[in-house]
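In terms of my numbering, the sequence shown opens at residue 24 and continues consecutively. C-beta atoms are modelled at their ideal positions from N, C-alpha and C, and glycine is treated no differently. Since the structure comes first, as structure tokens, the remarks are kept for the end.
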Amino acid sequence: MGNGQSQTKDKTKLLLSGWTPAEQEGMQTRFENLKDTKLPAYFSSNLYSCLVTHLQQEEPTDKVKYLEFVNKILKTKDMQAIYTVFQIAVKTKQASLEEFVKWVVTSAIPIWFESGSGYKWTDHGVPDLLVNYLITYASEQAQQKKKSMAWLELDQEEVDPTDTCCWKSKATQSPSQLTEPEFIDWIQSTPAFIHLFQVMTQFSLVGEISDLHKSRVSRKSSPSIQKHNKETRRLFDNKFSSLLHAFDYYLLTLYLPMNALSWSDYEKSQRKGVTEDVQHTLVFSSRRDGMSWQNFANRLIGAEGATITVIKTKDGSLLGGYADDAYEYGRTDWYGNSSNFLFRLWKSYGAWSGTNGNHHYQYLCWGKKSLPNGYGMGGQFNYAGLWVDADFIHGHSRAGPLCTTFNSPQLSKEETFLVDEVEVWLVRPLEKDEEDETSGGGGGVLSHAEDMEFMEMAGKKMYSKDLGPEPTELNSDDEG
24 MGNGQSQTKD
34 KTKLLLSGWT
44 PAEQEGMQTR
54 FENLKDTKLP
64 AYFSSNLYSC
74 LVTHLQQEEP
84 TDKVKYLEFV
94 NKILKTKDMQ
104 AIYTVFQIAV
114 KTKQASLEEF
124 VKWVVTSAIP
134 IWFESGSGYK
144 WTDHGVPDLL
154 VNYLITYASE
164 QAQQKKKSMA
174 WLELDQEEVD
184 PTDTCCWKSK
194 ATQSPSQLTE
204 PEFIDWIQST
214 PAFIHLFQVM
224 TQFSLVGEIS
234 DLHKSRVSRK
244 SSPSIQKHNK
254 ETRRLFDNKF
264 SSLLHAFDYY
274 LLTLYLPMNA
284 LSWSDYEKSQ
294 RKGVTEDVQH
304 TLVFSSRRDG
314 MSWQNFANRL
324 IGAEGATITV
334 IKTKDGSLLG
344 GYADDAYEYG
354 RTDWYGNSSN
364 FLFRLWKSYG
374 AWSGTNGNHH
384 YQYLCWGKKS
394 LPNGYGMGGQ
404 FNYAGLWVDA
414 DFIHGHSRAG
424 PLCTTFNSPQ
434 LSKEETFLVD
444 EVEVWLVRPL
454 EKDEEDETSG
464 GGGGVLSHAE
474 DMEFMEMAGK
484 KMYSKDLGPE
494 PTELNSDDEG
């Protein structure tokens, strides 16, 4: 018996060796209070019950088994361990895959949001669109792959696509009849679900995260989000955004590059004067700053970095795009790079990254007589994946059937739409080198307040702060 106890101690020590002292203490506390752990109201009691059932199959509860389970989920991403919990949910709760995913989403997203954003969790919308996205992601990716490879005339058996409707029917069946291979195939193709299951496991069985930067870049904690002032908090009803819920924001972060999620100490050191992590900042809100093209374009250019633009239409569509390159004043051609993506956040979630079909990733132009004036992403003039006219009223999303730049479908309910509300988020400012600092670059088209004041005193009418003078026949595009 003494030898058995010694082996157990050695195994326990080995299993704990990869964790920080704080994490080891957290696991010990949660192990000792497994049945009596007090969890937030948002955390699914059904999900936690399944975890406890798995961990307490033997009496007394085996600490080694507890640590092995935590290590399998958080260290090795063992799909079989997740499947075991799912099977308990099916047997004891008659759960479908859809219900199981919803338990994980409603438990993990508040943790993800609170641990990194700087905001407390409040009522941040319903999880249904994210749940559906996670369930159908693998099958839809398979369908997209099939379409993209159709020109090769590959045998459908080789591509092995999953029929989305058939899969959705299986996912909603209660109790679930999914086989282990079906579940494992699905979860291996849905990394976001694995991340959320890890978030839930870390919180309930380990405790607070020890490395926030690592957690953010692995998409297990929200990026830091700018705190609003008193007036903006009132306008937004104390929420971080007037258009986005936390479930929406999570979807967008899945597609952002890592350096738009968090910066390491080294990355901070490469940015002059930076000591804090990257913070997502609301640089334009039509609710706060007015429904003005001048303000929108000014803030978009003045942001000087990677931005997310979110547009709500009058008919209730919610769509937008991420631009990895900063928007440039005076540039009248298409530019950007394939890290850009378009997204849809209504009816069903979707995000479509840039392809090499063409380089029409982003466009911003106004005051020109021979060029279209507006904001665009993808496609071509008059047939863009996303377009907003410079009147800041009309827009369109056209695809026939897919946008050539992003392979995205029509994003809005109708092909043309009326703009209702807009937000622009700066998610990664440009690196400023010493030449930028000494030359006074940045901050907008006319970045020096004294220059602005001098021109106004001289009788020069300003079109908009930082936007330059009002267009005239002399400073607008030549008509030839």
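Out of the options, which one is the CA nearest neighbour of residue i?
i      : options                        : result
Asp312 : Phe259, Thr129, Met400, Ala349 : Phe259
Lys418 : Thr255, Lys436, Leu201, Leu120 : The question names Lys, yet the displayed sequence has Gly at residue 418. If we check each option's Cα against that of Gly418, Lys436 comes out closest.
Tyr278 : Trp135, Ser361, Val222         : Ser361
Leu342 : Trp375, Asn94, Gly423          : Trp375
Met281 : Met314, Tyr71, Met223, Ala329  : Ala329
Asn321 : Thr145, Arg53, Glu351          : Glu351
Gly423 : Ala269, Tyr406, Gly390         : Tyr406
Lys18  : Lys191, Gly380, Leu152, Arg294 : The requested residue 18 does not occur in the structure, where the chain is confined to residues 24 to 503.
Ile132 : Gln79, Asp208, Ser244, Cys188  : Ser244
Gly344 : Ile331, Gln117, Lys262         : Ile331
Thr202 : Ser119, Val411, Leu97, Phe415  : Ser119
Phe366 : Gly139, Asp271, Arg53          : Asp271
Cys189 : Asn318, Arg256, Gln225, Ile158 : Ile158
Asp151 : Ile134, Ser162, Phe123         : Phe123
Val149 : Leu219, Tyr89, Tyr65           : Tyr65
Asp208 : Trp410, Gln164, Ile134         : Gln164
CB-CB under 7 Å to residue i, same chain, minus the five flanking residues each way: which ones, in chain order?
i      : result
Ser233 : Thr43, Ala45, Glu46
Phe206 : Tyr106, Phe109
Val240 : Met281, Leu284, Ser285
Suppose you measure from the CA of residue i to the CA of residue j; what does that come to, to the nearest Å?
i      : j      : result
Ala194 : Cys73  : 19 Å
Lys237 : Ile111 : 31 Å
Ser212 : Gln302 : 30 Å
Thr276 : Gln28  : 46 Å
Ala104 : Lys86  : 16 Å
Asn21  : Cys388 : Outside the modelled stretch of the chain, which goes from 24 to 503, sits residue 21, for which no answer is possible.
Ser40  : Phe109 : 28 Å
Gly359 : Leu368 : 23 Å
Tyr384 : Gln403 : 10 Å
Ser197 : Gly296 : 56 Å
Pro204 : Met102 : 11 Å
Leu235 : Glu55  : 26 Å
Leu38  : Leu228 : 14 Å
Lys34  : Gln51  : 15 Å
Pro452 : Lys32  : 50 Å
Ser371 : Lys36  : 47 Å
Val75  : Val450 : 39 Å
Thr145 : Lys125 : 18 Å
Thr115 : Ser68  : 13 Å
Phe319 : Ala215 : 33 Å
Asn261 : Asp412 : 31 Å
Specify the secondary structure class of residue i as computed by DSSP and reduced to three states.
i      : result
Ile105 : helix
Trp375 : strand
Leu394 : coil
Ala269 : helix
Val10  : Because the chain spans 24 through 503 in this model, residue 10 falls outside it and cannot be assessed.
Ile416 : coil
Ala346 : strand
Leu497 : Low confidence applies to Leu497: its pLDDT is 37, below 50, so where it sits in the model is not reliable, and the reading given next is rough at best. In the structure shown, Leu497 sits in coil (DSSP, three-state: anything other than H, G, I, E or B).
Gly359 : coil
Phe5   : The shown model of the chain, from 24 to 503, leaves out residue 5, and the question about it has no answer.
Pro63  : coil
Phe136 : helix
Phe440 : strand
Phe54  : helix
Ala161 : helix
Ser470 : The predicted position of Ser470 is uncertain, since its pLDDT is 42 and thus under 50; a value taken from the coordinates is nonetheless stated next. Correct three-state label for Ser470: coil.
Pro44  : helix
Gly380 : coil
Between which residues of its own chain and residue i is the CB-CB distance below 8 Å, once the five residues before and five after are set aside?
i      : result
Leu425 : Ser431, Pro432
Phe136 : Tyr142, Trp144, His147, Ser245, Ala269, Tyr272, Tyr273
Thr60  : Arg53, Tyr71, Ser227
Beta-carbon within less than 6 Å of residue i's beta-carbon, same chain only, minus the 5 sequence neighbours each way: which residues are those?
i      : result
Val445 : Ser309, Ile334
Thr304 : Gln249, Leu449
For residue i, decide whether its Cβ has a neighbour in chain D, counting only Cβ atoms nearer than 9 Å.
i      : result
Lys291 : Within the model displayed, chain D is absent; a lone protein chain is all it includes.
Segments assigned alpha helix (DSSP H), at least 4 residues, entirely inside the stretch 174-254 = 179-182, 187-195, 203-211, 214-224, 235-240
For the stretch 251-322, list the beta strand (DSSP E) runs that are entirely contained and at least 3 residues long, ordered along the chain.
-> Within the stretch 251-322, the complete beta strand (DSSP E) runs of at least 3 residues are 302-308.
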